[in-house]
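Worksheet: one structure, shown below.
2 protein chains.
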Amino acid sequence: MSTISAQSVADRAFAPRAAVGLRAEAGFEDRLTQAPLRRIEAKELLFAEGDAASHLYRIETGAIALYTVLNDGRRQIMGFAYPGDLLGLGIKREHDMNAQAIKPTRVRCLSAASLRQAAAKDPALALKLYEALAAELAATRDLLITTGQRSALERVAGFLLAFSRRNDRNGLDPEAFELPMTRTDIGDLLGLTIETVSRTLTKLRSLRVIELPRCHEVRVRNLDALERMAEGAGQEASHASQAI
Amino acid sequence: MSTISAQSVADRAFAPRAAVGLRAEAGFEDRLTQAPLRRIEAKELLFAEGDAASHLYRIETGAIALYTVLNDGRRQIMGFAYPGDLLGLGIKREHDMNAQAIKPTRVRCLSAASLRQAAAKDPALALKLYEALAAELAATRDLLITTGQRSALERVAGFLLAFSRRNDRNGLDPEAFELPMTRTDIGDLLGLTIETVSRTLTKLRSLRVIELPRCHEVRVRNLDALERMAEGAGQEASHASQAI
DNA sequence: CGCCATATTGAATCGATTCAAGAAACGTGG
DNA sequence: CCACGTTTCTTGAATCGATTCAATATGGCG
Numbered sequence: 280m281s282t283i284s285a286q287s288v289a290d291r292a293f294a295p296r297a298a299v300g301l302r303a304e305a306g307f308e309d310r311l312t313q314a315p316l317r318r319i320e321a322k323e324l325l326f327a328e329g330d331a332a333s334h335l336y337r338i339e340t341g342a343i344a345l346y347t348v349l350n351d352g353r354r355q356i357m358g359f360a361y362p363g364d365l366l367g368l369g370i371k372r373e374h375d376m377n378a379q380a381i382k383p384t385r386v387r388c389l390s391a392a393s394l395r396q397a398a399a400k401d402p403a404l405a406l407k408l409y410e411a412l413a414a415e416l417a418a419t420r421d422l423l424i425t426t427g428q429r430s431a432l433e434r435v436a437g438f439l440l441a442f443s444r445r446n447d448r449n450g451l452d453p454e455a456f457e458l459p460m461t462r463t464d465i466g467d468l469l470g471l472t473i474e475t476v477s478r479t480l481t482k483l484r485s486l487r488v489i490e491l492p493r494c495h496e497v498r499v500r501n502l503d504a505l506e507r508m509a510e511g512a513g514q515e516a517s518h519a520s521q522a523i
Numbered sequence: 280m281s282t283i284s285a286q287s288v289a290d291r292a293f294a295p296r297a298a299v300g301l302r303a304e305a306g307f308e309d310r311l312t313q314a315p316l317r318r319i320e321a322k323e324l325l326f327a328e329g330d331a332a333s334h335l336y337r338i339e340t341g342a343i344a345l346y347t348v349l350n351d352g353r354r355q356i357m358g359f360a361y362p363g364d365l366l367g368l369g370i371k372r373e374h375d376m377n378a379q380a381i382k383p384t385r386v387r388c389l390s391a392a393s394l395r396q397a398a399a400k401d402p403a404l405a406l407k408l409y410e411a412l413a414a415e416l417a418a419t420r421d422l423l424i425t426t427g428q429r430s431a432l433e434r435v436a437g438f439l440l441a442f443s444r445r446n447d448r449n450g451l452d453p454e455a456f457e458l459p460m461t462r463t464d465i466g467d468l469l470g471l472t473i474e475t476v477s478r479t480l481t482k483l484r485s486l487r488v489i490e491l492p493r494c495h496e497v498r499v500r501n502l503d504a505l506e507r508m509a510e511g512a513g514q515e516a517s518h519a520s521q522a523i
């Protein structure tokens, strides 16, 4: 559910994929370390809808929200990008979304034109970009399942769980993390109002599943319960997985 | 909203993209016309979740639903694929979705392994695959906005509008089309129940926006109104697009 | 310290769902 | 070709989960 995150999808990916990635890694990583670094303040836009899609970005530190806005102001966040994630993978000449930092952020900027040229000559690089795009698609599909099918409790539980799992992958504490975004951001990601997000967090707290020392700080008290709630163990006797 | 459809996204794409596509078109099209044709009955699966992702498919005739099923049976349709659309664009070794024909369908089958090899040597082909994947991502994002932000009326109106526009692109009547899928399918795409889909269609009919000669046959009576409803002109005085 | 953003909580409402009953459409076999 | 059974669709009534509106509370920051 953390979306956009190539890492978050790695969970479900297969070993050979990583192996292929390694060959390309060298050249691509070189390219990135040489790429200019850009600093963005919280709330500043990295790019906006309609801007020329001149660069591919990689988040170094911080976090960025990707979103579109409907003509009446409703906003759908497509995902949050965290360190290591790539932004701007499309093939369009202009961005069709807004990318806004939700905290001070640093990104590496690669020229889209030269990257495209390089990819035409280097199949390993091309494959790497293809994989990154496929990962973004997988993350978007995850979120689609969430907004299309899940209850508020499942959405919020799943959202929190994604932080726990990301921490786990990164060797950090899977039972304590910070929410860098506002309740409004969470709501606009999950298709809920800010009030519902707040109420649902309160409910998880009163169920002793999480603690909220501060409103942007989460401590997981019962990871199993959180996982069950994300899967829809709201109240009903859990339907046997594949039983008839 | 018709999702997955490379065509449906072409609307929003830019001229140079098509130009680039043309060069690759020749080789790719050759490859496809030589590829074996497979016939699938209605309700038959082209592939299922967990199957080896051995092939890339292109729909020749018919229609296919792409979906995932949650452990408790809820189903999210990610999109419908129509003639010309590509299926199986991922990089994973196994499919992470089900592809089920919703009417008798014919598909061309390309070996994923050989295609991958060819793409490594032919940047134009690689770009074509990349574009197709980007189109699928764009379509999925559209659907995410729909399920995340829109009301039942907006969802159904937008869904119908996609058929109208597809017909328009194909030189067919934009005011008459057939719905190849069931109400259940529509509901599982849009994140609504079958009853809500039915009621909403009835509402559009009683508002004289559409006619339903048969339940799988739609005639648009007021395209403007349908477009307005898809954009959220439910009842409120439509907010000026970009006004402050 | 005090202010403005953000977050929480409550009460009333509303849109969509659920449960339930028919109606229509479809396919199949007589 | 019609009758039948089955599936799909429609419609109604009651319910429920999430939203809306409104009133505090909290907290980050100048």
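These protein sequence lines are chains P and Z, in that order. Residue numbering for the first sequence follows my numbering, starting at 280 and increasing by one per position. Residue numbering for the second sequence follows my numbering, starting at 280 and increasing by one per position. Heads up, the beta-carbon is just placed ideally off N, CA and C, and yes, glycines get one too.
Alpha carbon to alpha carbon, how far is residue 413(P) from residue 467(Z)? Give it in angstroms, no decimals. 23 Å
Quick one: measure Cβ to Cβ for residue 335(P) and residue 367(P), integer angstroms, because I've assumed they're closer than 8 Å. 5 Å
Assuming residue 370(P) contacts residue 347(Z) under a Cβ cut-off of 8 Å, what Cβ separation, rounded to an integer in Å, is found between them? Contact flag wrong, Cβ pair sits at about 26 Å.
Once the 5 residues before and after residue 322(P) are set aside, which same chain residues still bring their CB inside 7 Å of it? 379 and 380
Can you name the start and end residues of the alpha helix (DSSP H) that residue 420(Z) belongs to? 402 to 428
Please state if the CB of residue 454(P) and the CB of residue 509(P) are separated by a distance shorter than 8 Å. no
Reference residue 490(Z); option with closest CA among 331(Z), 352(Z) and 439(Z): 439(Z)
How should residue 400(P) be labelled, buried or exposed, when 16 other C-beta atoms within 10 angstroms of its C-beta is the threshold for buried? exposed
On a CA-only basis, which of 377(Z), 472(Z) and 398(Z) is nearest residue 329(Z)? Give me that one, please. 377(Z)
Looking at chain Z, which residues of the segment 319 to 333 of chain P have a Cβ within less than 8 Å of any of its Cβ atoms? none
Extent of the continuous alpha helix (DSSP H) to which residue 473(Z) belongs: 473 to 485
Which residue marks the beginning of the beta strand (DSSP E) containing residue 389(Z), and which one marks its end? 377 to 390
Please state whether the Cβ-Cβ distance between residue 384(P) and residue 338(P) is less than 8 Å. yes
Positions along the segment 431 to 457 of chain Z whose CB lies within less than 8 Å of some CB in chain P: none
Could you compute how far the alpha carbon of residue 388(Z) sits from the alpha carbon of residue 402(Z)? 21 Å
Counting only C-beta atoms, is residue 300(Z) closer than 8 Å to chain P at any point? With a pLDDT of only 47 at residue 300(Z), under the threshold of 50, the placement of this residue in the model should not be trusted; the figure read from the coordinates follows. It does not: the Cβ of residue 300(Z) has no partner Cβ on chain P nearer than 8 Å.
According to the neighbour-count rule (16 or more other Cβ atoms, all chains shown, within 10 Å of its Cβ), is residue 459(Z) buried or exposed? buried
If you follow the beta strand (DSSP E) that residue 341(P) is part of, which residue opens it and which one closes it? 334 to 348
Using a Cβ-Cβ cut-off of 8 Å, state whether residue 402(Z) counts as contacting chain P. yes
For residue 358(P), the three-state DSSP class (helix, strand or coil): strand
Specify, as a first and last residue, the run of the alpha helix (DSSP H) that residue 435(P) falls within. 431 to 448
Residue range of the alpha helix (DSSP H) that residue 370(Z) falls in? No alpha helix (DSSP H) contains residue 370(Z), which DSSP labels as neither H nor E.
Look up residue 506(Z) in the DSSP assignment and say whether it is helix, strand or coil. helix
Give me the Cα-Cα distance between residue 393(Z) and residue 373(Z), rounded to the nearest whole angstrom. 16 Å
Along chain Z, in chain order, which residues have C-beta atoms closer than 7 Å to that of residue 416(P)? 412, 415, 416 and 419
Check the DSSP bridge columns for residue 455(Z) and list the partner residues they point to. 498(Z)
Mind checking if residue 501(P) is an interface residue toward chain Z, Cβ cutoff 8 Å exclusive? no
Along the alpha helix (DSSP H) that carries residue 462(P), what are the first and last residues, could you check? 462 to 469
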